[in-house]
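Undergrad: Quick one: the structure is below, and I'll ask about it shortly.
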Amino acid sequence: MDSELYPERVAYRRGPIVTGRVIRLLEGYSREMQVQRPIVVAVLATAGIARVILLLIASLLRSGAGTGARRRWKELRKGPEFLVTPLRLRDSEGVLCEMEIHGHLPQSAIEPADHIQVTIRPQKDPQLAPRVERIVNLTTAQLLTPRPPTVWSHLGPALLLQAVLGILVIGVVAAFSVLGG
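Start counting the sequence shown at 1; every next residue gets the next number (UniProt numbering).
Next comes the structure, spelled out in structure tokens:
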């Protein structure tokens, strides 16, 4: 049978663990992660309180501190982009399976014909292939864990630190209003 005219059907396995041989790593592409609106609002609101306090302190000390570049609402809401690499393997039953690796892996981590065991999880969108959470390369005895960016890494440590400072300020103000009032 001609494989170009009748390509082999690809299955999306559901099981948490799939064992098989790597057939092919397809070309990777980037996918954007959406950031939920309430998360961005909460972080920006509490960070804004801390930023106002830092600006007041900076104006009292007459220094230029606290005037760093701010990211816009659209930039924060857009979310991070991460690498998606489709992986095809033939499982122990001879079925061609496709799954997605989110994040980066070393170049030589997986080669065609490697015997691997993957732990997968279904994605929110049922049209998408399951996501690989962990890969055990049985040929090279390597344990691989792809790590895509998270919402928190996208927001950044500086903004999150400001948000924590803002929450502390709100807590102190609330405590004084309860104790004093």
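Ideal placement from N, C-alpha and C gives every residue a C-beta, glycine not left out.
Is it a yes or a no for the region 46-55 touching the region 103-114, going by three-plus beta-carbon pairs under 8 Å?
TA: The region 46-55 is not in contact with the region 103-114.
Undergrad: Provide the residue span of the alpha helix (DSSP H) that contains Val164, from first to last.
TA: Pro157 to Gly180 is the span of the alpha helix (DSSP H), which, as asked, contains Val164.
Undergrad: Taking a contact to mean a Cβ-Cβ separation below 8 Å, would you say Arg88 touches Arg21 in this structure?
TA: No.
Undergrad: Starting from the N-terminal side, write out each stretch of the beta strand (DSSP E) that is 3 residues or longer and does not extend beyond the region 91-148.
TA: Listed in chain order, the complete beta strand (DSSP E) runs (minimum 3 residues) inside the region 91-148 are 96-102, 115-121, 131-137 and 142-144.
Undergrad: Which of the three DSSP states is assigned to Leu26 in this structure?
TA: Leu26: coil per DSSP, three-state reduction.
Undergrad: Given 8 Å as the limit, is there contact between the region 126-140 and the region 156-167, that is, 3 or more CB pairs closer than that?
TA: No contact exists between the region 126-140 and the region 156-167.
Undergrad: So, is Gly166 buried or exposed, given that buried needs 16 or more other C-beta atoms within 10 angstroms?
TA: Buried, because 16 or more other Cβ atoms sit within 10 Å of the Cβ of Gly166.
Undergrad: What's the C-alpha gap between Ile39 and Ser59?
TA: Looking at the two C-alpha atoms, the distance is approximately 30 Å.
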